[in-house]
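Protein chains: 2
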Amino acid sequence: MSRASERAYNNIRSMILSGELQPGSQIREEALAELCGVSRTPVRDSLRRLEAEMFIRRNDSQRSFVADWSLDDLEDAFQLRAMLEAHAAKRAASRITREQLGQLRFHNAQLKQAIDMPNPDVPKFLDHNRQFHAIILAAAASERLTNMLAQVTEQPVVLRTARHYDLENLRRSHHDHDELLIAFDKRDGAWAAAVMTGHIRRAFHAYAEAHSTDTEIRKSKLAA
Amino acid sequence: MSRASERAYNNIRSMILSGELQPGSQIREEALAELCGVSRTPVRDSLRRLEAEMFIRRNDSQRSFVADWSLDDLEDAFQLRAMLEAHAAKRAASRITREQLGQLRFHNAQLKQAIDMPNPDVPKFLDHNRQFHAIILAAAASERLTNMLAQVTEQPVVLRTARHYDLENLRRSHHDHDELLIAFDKRDGAWAAAVMTGHIRRAFHAYAEAHSTDTEIRKSKLAA
DNA sequence: TGGCAGCTTATTGTATACAAATGGCATTCG
DNA sequence: CGAATGCCATTTGTATACAATAAGCTGCCA
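Here it is, written out as structure tokens:
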């Protein structure tokens, strides 16, 4: 993707993810074009992409709105994600290389280190967590699967902080990763898939809690 | 989608599916624009969409090519499709209405009729088959799932005729549908999912055979 | 007062012109 | 003779102007 187009896409996407563009609010191409410092053309490209990724919806007369996810939508996305990531884990179990296993161990050690200290370094945890999952996906070796997972991995919820600072959850995540490592080591795809399913389901419940809180807050703001 | 854009998308897509645009061949925006009788703008929209759907790939310098699927790619797509359709069947089992069940029965009866005659009406079979699956997807009630399935359902293989005229396969499909109906009737999601998995796996093997033949033919044409 | 018609304005869709980047070819130099 | 470099042709990216369409408003009529 070229410069202007990429900038527009990343800008708009992060504005949605961060909540700067409020769920449900209308989107005007020209306004975004000005915000991003590009013309409407690359903005339109980005909107189309984001629409495919379901971050944006359009009504029947082609106007765009920031997607407003219900709890059901969120669960739906997570259900698909759990299924796809479990599938990735299963595929990875029979394909992963010694080197990739080593990388997984490295990142899991790092993310443990990030939270096993008086002042937990959550961004560091998240970064190594992301890389951990990326390596599994790479080992699964399915471009289609990668594309599909990208569509359900990022959630447009503002209050992700709530989840991130729940240390108990982070520790459990680390533990799941450890178990995944053993399953991979034993080339046990079924086990890896099962662990991964639980791993993602837990994430869902953490998100769901944050989402409810967020929705409550937004509702009371509207009422005020 | 508006007129010009929609026309361009459908035209290009069907040119790819029909093989009119050969796998691996380069695509030039302006040439397609002329073919479709529109400007480059809607053509570019369409190309982006088709790229997301993996019908088109781009090299690192942004040039577009018609996707050329290996047998592995095909299997990969079918594996995902089997998983997603099984998931749809499972969800449908607990949500499907009496009315939808009736529609399923109707379409399955129709598609049986289409092949239970001296001169089988394959297009009719395919149409009712499509509707049968569409109803299940609707009963599954997940927009995301619907979108994802759309991405792996159509296969850019020319020789689909080979499969379509294998009556034995078509009869087995009908039988699978029958079994699905019973599973739905009993609200047995696990059973429905299992039947659907087998249903799609069989389709894969039929496709794979046609694909191999097709690839052989293309290779020998290149050699000549 | 309520609703509908027609106009006005806002917004998106399409075409086109121009800019940027890439690939291929030819020429030149080692 | 082969490889590297610079130029030209081709192709894609971006901006902008204009067309089409939909929404909202105003005023009229029942």
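Going line by line, the protein sequences match chains A and B.
Position 218 of the first sequence, counted from 1, bears residue number 246 in my numbering, the numbering being contiguous throughout.
Position 98 of the second sequence, counted from 1, bears residue number 126 in my numbering, the numbering being contiguous throughout.
Using N, Cα and C, we set each Cβ at its ideal position, and we do this for glycine too.
Being a predicted model, the structure only gives us computed values, none of them experimental.
Which residues in chain A have a C-beta closer than 9 angstroms to the C-beta of B/VAL180? List them in chain order.
The sequence position of residue 180 of chain B within the second sequence is 152, counting from 1. Result: ARG172, MET176.
From the beta carbon of A/ARG35, is the nearest beta carbon of chain B less than 8 angstroms away?
For this step, residue 35 of chain A is matched to residue 7 along the first sequence. Not closer than 8 angstroms to any Cβ of chain B, the Cβ of A/ARG35 fails to qualify, so no.
Alpha helix (DSSP H) segment containing A/ILE84, residue limits:
Residue 84 of chain A sits at position 56 when you count from the first residue of the first sequence. Not the alpha helix (DSSP H): A/ILE84 falls in the beta strand (DSSP E), residues 84 to 86.
Would you identify the three-state DSSP class for B/VAL66, choosing helix, strand or coil?
Your numbering for residue 66 of chain B matches position 38 in the second sequence. Correct three-state label for B/VAL66: coil.
For A/ASP149, tell me which candidate among A/LEU198, A/SER30, A/GLN183 has the shortest Cα-Cα distance.
Counted from its first residue, the first sequence places residue 149 of chain A at position 121. Cα-wise, what sits closest to A/ASP149 is A/LEU198.
Residues of chain A with CB closer than 7 angstroms to the CB of B/MET43, please, in chain order.
One-based indexing of the second sequence puts residue 43 of chain B at position 15. Per Cβ cutoff of 7 angstroms: no residues; B/MET43 is ~21 angstroms from chain A at best.
Endpoints, the alpha helix (DSSP H) within which A/SER98 is located:
As a first step, residue 98 of chain A must be located in the first sequence, where it is residue number 70. Careful: A/SER98 lies outside any alpha helix (DSSP H) and carries neither H nor E.
Count the CB pairs spanning the stretch 88 to 106 of chain B and the stretch 44 to 55 of chain B that are closer than 8 angstroms, and state whether there are at least three.
yes
Closest to A/SER201 by C-alpha separation, out of A/LEU165, A/LEU139, A/ALA178, A/SER98, would be which residue?
Counting from one through the first sequence, the residue named residue 201 of chain A turns up at place 173. Nearest option by C-alpha distance: A/LEU139.
Please determine, among A/GLN159, A/MET82, A/ASP206, A/THR69, the residue with the shortest C-alpha to C-alpha distance to A/ARG41.
Position 13 of the first sequence, counted from the start, is the residue given in the question as residue 41 of chain A. Here the closest residue by C-alpha is A/MET82.
Using a C-beta to C-beta distance shorter than 7 angstroms, which residues of chain B count as neighbours of A/MET111?
What you label residue 111 of chain A is simply residue 83 of the first sequence in a count that begins at 1. Residues of chain B passing the Cβ test: MET111, HIS115.
Alpha carbon to alpha carbon, what distance is there between A/LEU165 and A/GLY47?
Taking the first sequence and counting its residues from 1, one reaches residue 47 of chain A at position 19. Taking the first sequence and counting its residues from 1, one reaches residue 165 of chain A at position 137. Cα to Cα, A/GLY47 sits roughly 28 angstroms from A/LEU165.
Across which residues does DSSP place A/ILE55 in a beta bridge pair?
Taking the first residue of the first sequence as position 1, residue 55 of chain A is located at position 27. Answer is A/SER92.
Between the alpha carbons of A/ASN157 and A/HIS135, how many angstroms are there, rounded?
The residue given as residue 157 of chain A occupies position 129 in the first sequence. The residue given as residue 135 of chain A occupies position 107 in the first sequence. Cα to Cα, A/ASN157 sits roughly 7 angstroms from A/HIS135.
Work out the CA separation of B/MET111 and B/ALA121 for me, nearest whole Å.
Locating residue 121 of chain B in the second sequence gives position 93, where the first residue counts as 1. Locating residue 111 of chain B in the second sequence gives position 83, where the first residue counts as 1. Approximately 15 angstroms between the Cα atoms of the pair.
Rounded to whole angstroms, what's the CA-CA distance from A/ASP155 to A/HIS227? Just pull it up for me.
As a working note, residue 155 of chain A is residue 127 in the first sequence. As a working note, residue 227 of chain A is residue 199 in the first sequence. Their Cα atoms are separated by approximately 17 angstroms.
Beta-carbon proximity of A/GLU103 to A/PHE212, cut-off 8 angstroms
Working through the first sequence from its first residue, we reach residue 103 of chain A at position 75. Working through the first sequence from its first residue, we reach residue 212 of chain A at position 184. No; because the gap between Cβ atoms is not below 8 angstroms, this pair is not in contact.
In its own chain, which residues sit with a C-beta less than 8 angstroms from the C-beta of A/LEU78, not counting the 5 before and 5 after it?
To locate residue 78 of chain A, count along the first sequence from 1; it is residue 50. Closer than 8 angstroms at Cβ, skipping near neighbours: TYR37, ILE40, ARG41, ILE44, ILE84.
Beta-carbon contacts of A/ARG123 that lie in its chain and below 8 angstroms, excluding the five residues immediately before and after:
In the first sequence, the residue the question calls residue 123 of chain A occupies position 95. Same-chain partners within the cutoff: ALA167, ALA168, ALA169.
List, in order along the chain, the chain A residues whose C-beta lies closer than 9 angstroms to that of B/LEU75?
Here the question's residue 75 of chain B lines up with position 47 in the second sequence. Chain A residues near B/LEU75: none, gap ~11 angstroms exceeds 9 angstroms.
I'd like to know if A/ALA105 contacts chain B, where contact means its C-beta is closer than 8 angstroms to some C-beta of that chain.
Here residue 105 of chain A refers to the residue found at position 77 of the first sequence. Chain B contact via Cβ: present.
Please look up how many angstroms separate the CB atoms of B/PHE160 and B/HIS205, rounded, as I've assumed it's under 8 angstroms.
Along the second sequence, one-based indexing puts residue 160 of chain B at 132. Along the second sequence, one-based indexing puts residue 205 of chain B at 177. Between B/HIS205 and B/PHE160 the Cβ distance is about 6 angstroms, and since that is below 8 angstroms, they are a contact.
Assumed close pair B/ARG35, B/CYS64 - CB separation to whole angstroms, cut-off 8 angstroms:
Taking the first residue of the second sequence as 1, we reach residue 35 of chain B at position 7. Taking the first residue of the second sequence as 1, we reach residue 64 of chain B at position 36. Correct: roughly 6 angstroms between the Cβ atoms.
Considering just the uninterrupted stretch of the alpha helix (DSSP H) at A/ALA168, what are its terminal residues?
On the first sequence, residue 168 of chain A is found 140 positions in, with the first residue counted as 1. Here the alpha helix (DSSP H) through A/ALA168 covers 150 to 168.
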